[in-house]
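The next block holds one structure in the form of structure tokens; read it before the comments.
Residue numbers (our numbering): 2 to 283.
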């Protein structure tokens with residue numbers, strides 16, 4: 002209930018932005034110095050599913066908080082020092098909010114988020130020094146099978162081979178016997194994500210040695226098998242496919258910045274040409 006009351010305070014702040022909370026076809030609950038709280042506003046705040054007792058407590062809390070909010074607001078309006086400074090801050094915030102919203106609207110309406118493959122690859126090749134890995138990556142396969150699974154000796158042989166035949170055998174076997182089968186020989190994955198597949202109480206420091214090609218653990222009725230076929234250490238150049246989405250976001254953001262800068266420059270030029278900007282010489 003205490004957590005819910007905290008949510009009510011946030012909701013109250015949102016609703017208080019409307020002085021009267023004037024909701025048509027709703028019954029007034031309380032009036033404070035010309036401001037009215039209507040029943041519909043209360044209904045929107047208090048969710049269904051609360052007990053009758055909790056609903057009453059929540060309603061009373063919200064009404065009291067709404068009253069206090071408005072009493073303090075009116076008192077502040079009459080007595081605050083530097084009222085002009087507060088109004089300036091509000092106006093600056095409103096101006097900034099409107100500008101940001103309008104810029105986002107322009108970007109969404111006029112700026113494509115499609116980046117061609119060549120542009121992505123060119124940026125990657127020209128900026129490898131800033132696309133270094135911060136964590137290790139691996140390629141390989143992971144398998145989780147029950148302790149009583151059939152053909153365990155064959156499984157141990159197959160998962161270490163990584164040949165087309167062994168992969169086919171594992172895929173067929175996994176359809177009916179494996180709990181988890183992940184084949185990522187051709188895709189880089191975060192090493193930490195791969196290790197999350199293992200029971201954490203069975204992992205030791207040596208298991209994080211990337212030179213260790215295979216890891217096998219047994220716990221709670223299952224075998225956990227990992228074969229690392231390739232790895233990259235932190236500080237290495239990030240593979241293109243791994244950072245492709247990051248590169249795309251970088252280019253989209255650059256395009257966004259250039260677009261907004263060009264828009265501002267065009268706006269400034271039009272205003273100069275129309276005489277909307279006048280400079281006064283001292």
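Note that beta-carbon positions come from the ideal geometry of N, C-alpha and C, so glycine has one too.
From a predicted model like this one, the values you see are computed outputs, not experimental measurements.
Secondary structure of residue i, DSSP reduced to three states
i, result
"residue 164", "coil"
"residue 183", "strand"
"residue 133", "strand"
"residue 143", "strand"
"residue 117", "coil"
"residue 277", "coil"
"residue 218", "strand"
"residue 199", "coil"
"residue 32", "strand"
"residue 1", "The chain is shown only over 2 to 283; residue 1 falls outside these bounds and no answer can be derived."
"residue 1", "A question about residue 1 goes unanswered here, because the residues of the chain that appear run from 2 up to 283."
"residue 188", "strand"
"residue 49", "coil"
"residue 104", "helix"
"residue 206", "helix"
"residue 211", "coil"
"residue 1", "Nothing can be reported for residue 1, as the shown portion of the chain is limited to 2 through 283."
"residue 81", "coil"
"residue 23", "For residue 23, the predicted structure reports a pLDDT of 45, less than 50, and the residue's modelled location is therefore unreliable. A value from the coordinates is still provided. In this structure, residue 23 counts as coil in the three-state DSSP scheme."
Residues of its chain near residue i, where Cβ-Cβ distance is below 6 Å and the 5 sequence neighbours each way are ignored
i, result
"residue 159", "167, 170 and 171"
"residue 59", "47"
"residue 150", "178"
Status (buried if at least 16 other CB within 10 Å, exposed otherwise) for residue i
i, result
"residue 145", "buried"
"residue 100", "exposed"
"residue 269", "exposed"
"residue 26", "Caution applies to residue 26, whose pLDDT of 49 falls short of 50 and renders its modelled position unreliable; the value that the coordinates give is listed next. Residue 26 comes out exposed."
"residue 72", "exposed"
"residue 42", "buried"
"residue 147", "exposed"
"residue 244", "buried"
"residue 114", "exposed"
"residue 195", "buried"
"residue 98", "exposed"
"residue 142", "buried"
Other residues of its chain near residue i: CB distance less than 7 Å, five sequence neighbours each side excluded
i, result
"residue 134", "233, 235, 236, 237 and 239"
"residue 30", "38, 39, 40, 43 and 64"
"residue 278", "272"
"residue 1", "This structure cannot speak to residue 1, because the chain is shown only from 2 to 283."
"residue 203", "218 and 220"
For residue i, the residue or residues it bridges with in DSSP
i, result
"residue 231", "140"
"residue 224", "146 and 219"
"residue 38", "31"
Residues near residue i in its chain [Cβ-Cβ closer than 8 Å; skip 5 each side]
i, result
"residue 217", "157, 224, 225, 226 and 227"
"residue 213", "207 and 229"
"residue 281", "none"
"residue 192", "136, 137, 138, 139, 209, 211 and 232"
Across the region 173 to 185 and the region 231 to 248, are there enough close Cβ pairs to call them in contact, namely three or more that are closer than 8 Å?
In short, these stretches do not touch, since the Cβ pair count stays below three.
Can you find at least 3 beta carbon pairs, one from the region 118 to 131 and one from the region 241 to 256, that sit closer than 8 Å?
Verdict: yes, contact present.
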